[in-house]
Amino acid sequence: MPATFATTPNDALPLWPVWKGDALPARSGDWPGSAGFGAKPGEICLLPGANGGLRGALIGLGDRQAAGRERFALARATALPKGVWQVMELPDGLDPAEAALALLLGQYRFTRYKGSAYDGPQFLCPAGVDAARIEAIAAGEFLTRDLINTPAGDMGPAQLEASARELATDIGAAIQVTTGDALLDGNFPMIHAVGRAAEQEPRLIDIRLGDNGPMLTIVGKGVCFDTGGLDIKPPSSMALMKKDMGGAGTALGLLKMLAQSGAAQGYRIRVLIPAVENSIAGNAFRPGDVLTSRKGMTVEINNTDAEGRLVLADALALAAEEKPELLISLATLTGAARVALGPDVPPFYCDDDETALALAEGAATARDPLWRMPFWDPYEAMIEPSIADLDNAPSGGMAGSITAALFLRRFAEGAGRYVHLDIYGWQPSAAPGRPKGGVAQGARAILAALPVMLP
Ligand code: BES
Ligand code: MN
Ligand code: ZN
Numbered sequence: 007m008p009a010t011f012a013t014t015p016n017d018a019l020p021l022w023p024v025w026k027g028d029a030l031p032a033r034s035g036d037w038p039g040s041a042g043f044g045a046k047p048g049e050i051c052l053l054p055g056a057n058g059g060l061r062g063a064l065i066g067l068g069d070r071q072a073a074g075r076e077r078f079a080l081a082r083a084t085a086l087p088k089g090v091w092q093v094m095e096l097p098d099g100l101d102p103a104e105a106a107l108a109l110l111l112g113q114y115r116f117t118r119y120k121g122s123a124y125d126g127p128q129f130l131c132p133a134g135v136d137a138a139r140i141e142a143i144a145a146g147e148f149l150t151r152d153l154i155n156t157p158a159g160d161m162g163p164a165q166l167e168a169s170a171r172e173l174a175t176d177i178g179a180a181i182q183v184t185t186g187d188a189l190l191d192g193n194f195p196m197i198h199a200v201g202r203a204a205e206q207e208p209r210l211i212d213i214r215l216g217d218n219g220p221m222l223t224i225v226g227k228g229v230c231f232d233t234g235g236l237d238i239k240p241p242s243s244m245a246l247m248k249k250d251m252g253g254a255g256t257a258l259g260l261l262k263m264l265a266q267s268g269a270a271q272g273y274r275i276r277v278l279i280p281a282v283e284n285s286i287a288g289n290a291f292r293p294g295d296v297l298t299s300r301k302g303m304t305v306e307i308n309n310t311d312a313e314g315r316l317v318l319a320d321a322l323a324l325a326a327e328e329k330p331e332l333l334i335s336l337a338t339l340t341g342a343a344r345v346a347l348g349p350d351v352p353p354f355y356c357d358d359d360e361t362a363l364a365l366a367e368g369a370a371t372a373r374d375p376l377w378r379m380p381f382w383d384p385y386e387a388m389i390e391p392s393i394a395d396l397d398n399a400p401s402g403g404m405a406g407s408i409t410a411a412l413f414l415r416r417f418a419e420g421a422g423r424y425v426h427l428d429i430y431g432w433q434p435s436a437a438p439g440r441p442k443g444g445v446a447q448g449a450r451a452i453l454a455a456l457p458v459m460l461p
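With the numbering used here as the guide, the letters of the sequence shown map in order to residues 7 to 461.
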């Protein structure tokens, strides 16, 4: 699906965004008042021309004081009549780049199985905005959404690999994939163990872009479907588990943003995706099994549903061997993160205060919310009580997102700095610019923060 601005400025119709309570543009006359226009977020008021034609429109931004989502009111501009529109005079308090992004994000549709492609109005890029950068961000976001929204029957490890290959070709990146029993030869025993019961073979996808500059490695959880394994999930918990590759989808979307916007310039970027299906068969890994990880540490399996940290551990260990300056993991890792912060605010973990501050600021400016939680050292004891070095699912389940993060940190040792994001990857009910379904979380925050995190 295209994520682009219109380029025919000649006969574009004017669109005026207005905050609630602000004076209306003089040229709109008495009509908005007569029509009861209240500048509510996303509220549209069409302006009639002299001979009954359409002369332009107002779109409400809501209350100027209410920070946050209101900026995405502009995403509702996609409900305007078809044609090319030009946003006039951005009022103060509305960030031009955010406004531009909203106009594109509102155009997302998941059309693979039903419905038709977006067929609504097009927009010129607002003046003063770097159109190519905004288009790159939207393109990455749309890729992530498509990947997450595609059900596991059509987005298994093989199709996720195909999508990664397609992206790598598009952006001129190198890609290498280790599949099936080759994972054992290559010493990725936990990726193999988690994925071996599925019909599609488990694999590790390894993408590289750029050959000079500081190194950023991004690891994305690619569990294409999570049944829970032999510790099978109840139906209500399994229903959404096609999205358990949301970390991988977000990593690929972020890579597209970085490459297409030019922000990847001057970095060495590596994306690692362990792609598996956590499935059930006679050869499935079992509760009580002890796995030996790539790093050599042994892990007692107390719950086969805590599979994400296992596949990520081997990928993180590989990443850390190369000592990247910055290592980031993106994963739909725990239900506990949702219990703590809900679907919209993913927690992130980082021991380096400056990096954490930069990411929090990037999240705020990009309006891609993240909230820092602690790698709480004393809880290390919770992941150690088993007959092996580590326990993948501490009993009691207290601080579930933190103990999962601590588990991962053991394997990220060696990287300059490590950041872990425990994302949800899903919009539970439609909001402006965000239809119900898959959504990238953290990608825009990382994109915004990268120049500060890794100067
Ligand atoms: N993929 C799930 C986590 C998840 C569940 C993310 C729901 C988003 C929404 C993960 O593999 C999992 O099952 N985690 C368990 C871990 C537990 C068994 C220690 C969880 O969070 O319940
Ligand atoms: Mn699971
Ligand atoms: Zn999972």
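Ideal Cβ placement from N, Cα and C applies to all residues, glycine included.
- Taking C-beta atoms as the reference points, residue 282 and residue 201 count as a pair closer than 7 Å.
- In the DSSP assignment, residue 360 falls outside any beta strand (DSSP E) and lies within the alpha helix (DSSP H) extending over 359 to 371.
- Within the model, the alpha-carbon separation for residue 95 versus residue 21 is close to 9 Å.
- Rounded to whole angstroms, the Cβ separation of residue 80 and residue 109 is 6 Å, and the two are in contact under 8 Å.
- In this structure, the ligand BES has no non-hydrogen atom nearer than 6 Å to the beta-carbon of residue 428.
- Contact between residue 154 and residue 224 is absent: CB atoms are separated by about 16 Å, not below the 8 Å threshold.
- In the structure shown, the three-state DSSP call for residue 335 is strand.
- Here the distance from the Cβ of residue 311 to the nearest heavy atom of the ligand BES is below 6 Å.
- Excluding the 5 residues flanking it on each side, residue 142 has same chain C-beta neighbours closer than 6 Å at 263, 266, 267, in chain order.
- In chain order, 197, 210, 228, 317, 321 place their CB closer than 6 Å to the CB of residue 280, counting only its own chain and leaving out the 5 sequence neighbours on each side.
- The beta-carbon distance between residue 150 and residue 314, rounded to whole angstroms, is 17 Å. This is too long to meet the 8 Å contact definition.
- Between residue 428 and residue 410, the beta carbon gap of about 7 Å places them in contact (Cβ cut-off 8 Å).
- Taking a cut-off of 8 Å on C-beta distances, the region 212 to 220 does not touch the region 290 to 304, as fewer than three cross pairs fall below it.
- Distance from the C-beta of residue 341 to the nearest heavy atom of the ligand BES is below 6 Å.
- The region 385 to 399 and the region 305 to 312 touch, with no fewer than 3 CB-CB distances between them shorter than 8 Å.
- Within its own chain, the residues whose Cβ lies closer than 7 Å to the Cβ of residue 145, once the five positions on either side in sequence are excluded, are 9, 262, 266, listed in chain order.
- If you ignore the 5 residues before and after residue 183, its C-beta comes within less than 6 Å of the C-beta of 167, 209, 211, all in its own chain and listed in chain order.
- Taking every protein chain shown into account, the CB of residue 119 has fewer than 16 other CB atoms within 10 angstroms, so this residue is exposed.
- With contacts defined as CB atoms closer than 7 Å, residue 451 and residue 369 qualify as a contacting pair.
- Excluding the 5 residues flanking it on each side, residue 126 has same chain C-beta neighbours closer than 8 Å at 84, 85, 86, 88, 113, in chain order.
- A distance of 7 Å or more separates the beta carbons of residue 336 and residue 354.
- In the DSSP assignment, residue 450 falls within the alpha helix (DSSP H) that extends over 449 to 459.
- In the structure shown, the three-state DSSP call for residue 328 is coil.
- Nearest to residue 98 by C-alpha distance, out of 332, 244, 25, is 25.
- The region 234 to 244 makes no contact with the region 431 to 444; the number of CB pairs closer than 8 Å stays below 3.
- The three-state secondary structure of residue 165, taken from DSSP, is helix.
- Counting along the chain, residue 417 sits inside the alpha helix (DSSP H) bounded by residues 406 to 418.
- When secondary structure is reduced to three states using DSSP, residue 116 falls in the coil class, being assigned neither helix nor strand.
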